Amino acid sequence: MGESGDTPVTALSRGEGLAAWRQIADGLAAEIEAGRLAAGAQLPTEAALAARFGVNRHTVRRALAALAERGLVRATQGRGTFVEAPRLAYPIGLRTRFSEIVSRAGREAWGDLIAAASIPADDGLAEDLGIGVGDPVLELLTVHRADGTPISTARTCLPLPRFAGFDRAYAALGSITRAYAEYGIADYTRLSTRIGARVAAADEAARLDLAPGRVLITIASVNVDAAGTRIQATRSLFVADRVELVVEG
1 MGESGDTPVT
11 ALSRGEGLAA
21 WRQIADGLAA
31 EIEAGRLAAG
41 AQLPTEAALA
51 ARFGVNRHTV
61 RRALAALAER
71 GLVRATQGRG
81 TFVEAPRLAY
91 PIGLRTRFSE
101 IVSRAGREAW
111 GDLIAAASIP
121 ADDGLAEDLG
131 IGVGDPVLEL
141 LTVHRADGTP
151 ISTARTCLPL
161 PRFAGFDRAY
171 AALGSITRAY
181 AEYGIADYTR
191 LSTRIGARVA
201 AADEAARLDL
211 APGRVLITIA
221 SVNVDAAGTR
231 IQATRSLFVA
241 DRVELVVEG
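Numbered continuously in full-length UniProt numbering, the sequence shown closes out at residue 249.
Here it is in structure tokens:
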């Protein structure tokens, strides 16, 4: 019986060598793939699923963890477990704009500012931004969302004093492009892009609502303004199961 006393029990095969948690995971995966659990839908609570399948909550928790590892669901602290949306096609080209890409896909884009600090440029940043080693740089740590789902997190660095206060503009506007407009930059282009991959660290997984051990796509990029001046060096981490990179010629 379910939490309300009338939830029918979905029978599992017993004694056939397939663990109960695996049967539950496979059954829920089939419902997701068939569209009976739509993208963005919230799954029933652990207690409700335990009642449905006639198992304990530990077994359900293991099944949900397996679905998260497969990229089919994501667990959000304090909110529950949700079906992942289809992968977002994400073009990488001369003009790469997160907000525009997400909006074209019919989803709502927003960026959250996690932290900001003024730091001295190290050798790598100095080279990327065309400035001297030790020159001041504004460092932003951000998370970018589509319909509330974290798609990427990034460390973005901009030269000071030109972009003093940029963190406040970004926090208010939720977009690098919109924040640039506050500084008189109507257009900017991609100078370079380097793409790689690695496993998410624990803090990155938490920031992106990921199961531990999931794969991230790494993108290191440099942007320039209309005059060709280097204005932005970014190290982005994209959830591999949530985007499909499209490299434009």
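C-beta: ideal position from N, C-alpha, C; glycine also.
Because the structure is a prediction, the values reported are computed rather than measured.
State the DSSP-derived secondary structure class of residue i, mapped to helix, strand or coil.
{"i": "Met1", "result": "Unreliable placement is indicated for Met1, whose pLDDT of 36 sits below 50; the coordinate value is still reported in the next sentence. In this structure, Met1 counts as coil in the three-state DSSP scheme."}
{"i": "Ile131", "result": "coil"}
{"i": "Ile185", "result": "coil"}
{"i": "Glu100", "result": "helix"}
{"i": "Thr229", "result": "coil"}
{"i": "Ala197", "result": "strand"}
{"i": "Val243", "result": "strand"}
{"i": "residue 265", "result": "In this structure the chain extends from 1 to 249, so residue 265 is not present and cannot be described."}
{"i": "Glu46", "result": "helix"}
{"i": "Gly40", "result": "coil"}
{"i": "Gly165", "result": "coil"}
Ordered along the chain, which non-local residues of its own chain (more than five positions away) have a Cβ less than 7 Å from that of residue i?
{"i": "Ser4", "result": "Low local confidence applies: a pLDDT of 41 at Ser4 is under 50, so the model's placement there is unreliable, with the coordinate-based value given in what follows. Counting only Cβ-Cβ distances below 7 Å, and skipping sequence neighbours, we find nothing."}
{"i": "Thr177", "result": "Arg97 and Ser99"}
Nearest by alpha-carbon distance to residue i: which of the options is it?
{"i": "Gly228", "options": "Asp128, Gly71 and Ala25", "result": "Asp128"}
{"i": "Arg207", "options": "Ala38, Gly78, Thr10 and Pro150", "result": "Pro150"}
{"i": "Arg79", "options": "Ala41, Asp26, Asp122 and Ala186", "result": "Ala41"}
{"i": "Ser152", "options": "Ala164, Val102 and Gln77", "result": "Val102"}
{"i": "Arg95", "options": "Ile195, Asp203 and Ala186", "result": "Ala186"}
{"i": "Ile131", "options": "Arg230, Thr76 and Ala164", "result": "Arg230"}
{"i": "Leu37", "options": "Ser175, Leu72, Ala226 and Gly184", "result": "Leu72"}
{"i": "Thr45", "options": "Arg57, Ala30 and Ala34", "result": "Arg57"}
Closer than 6 Å by C-beta to residue i: which residues in its own chain qualify, once you throw out the five before and the five after it? Chain order, please.
{"i": "Pro120", "result": "Gly134"}
{"i": "Gly93", "result": "Glu248"}
{"i": "Cys157", "result": "Leu125, Val137, Glu139 and Ala233"}
{"i": "Ala66", "result": "Ala25"}
{"i": "Asp147", "result": "Arg107 and Glu108"}
Would you call the CB atoms of residue i and residue j closer than 9 Å?
{"i": "Leu160", "j": "Arg74", "result": "no"}
{"i": "Ala63", "j": "Leu113", "result": "no"}
{"i": "Ser192", "j": "Ser236", "result": "no"}
{"i": "Asp167", "j": "Leu138", "result": "yes"}
{"i": "Leu43", "j": "Phe82", "result": "yes"}
{"i": "Glu244", "j": "Arg87", "result": "yes"}
{"i": "Arg190", "j": "Ala85", "result": "no"}
{"i": "residue 250", "j": "Ala89", "result": "Lying outside 1 to 249, the shown extent of the chain, residue 250 is not represented and no answer is given."}
{"i": "residue 250", "j": "Leu141", "result": "The first residue shown for the chain is 1 and the last is 249, placing residue 250 beyond what the model contains."}
{"i": "Ala179", "j": "Tyr188", "result": "no"}
{"i": "Gly111", "j": "His144", "result": "yes"}
{"i": "Gly184", "j": "Val199", "result": "no"}
Give me the DSSP bridge partner(s) of residue i.
{"i": "Tyr170", "result": "Partner(s): none; Tyr170 has no beta bridge."}
{"i": "Arg107", "result": "Per DSSP, none; premise fails for Arg107."}
{"i": "Val143", "result": "Asp112 and Thr153"}
Can you give me the Cβ contacts of residue i inside the same chain, cut-off strictly under 8 Å, excluding the 5 residues immediately before and after it?
{"i": "Ile24", "result": "Leu12, Leu49, Phe53, Val55, Thr59, Val60 and Ala63"}
{"i": "Ala197", "result": "Val215, Leu216, Ile217, Thr218 and Ala240"}
{"i": "Glu204", "result": "Thr153, Leu210, Leu216 and Leu237"}
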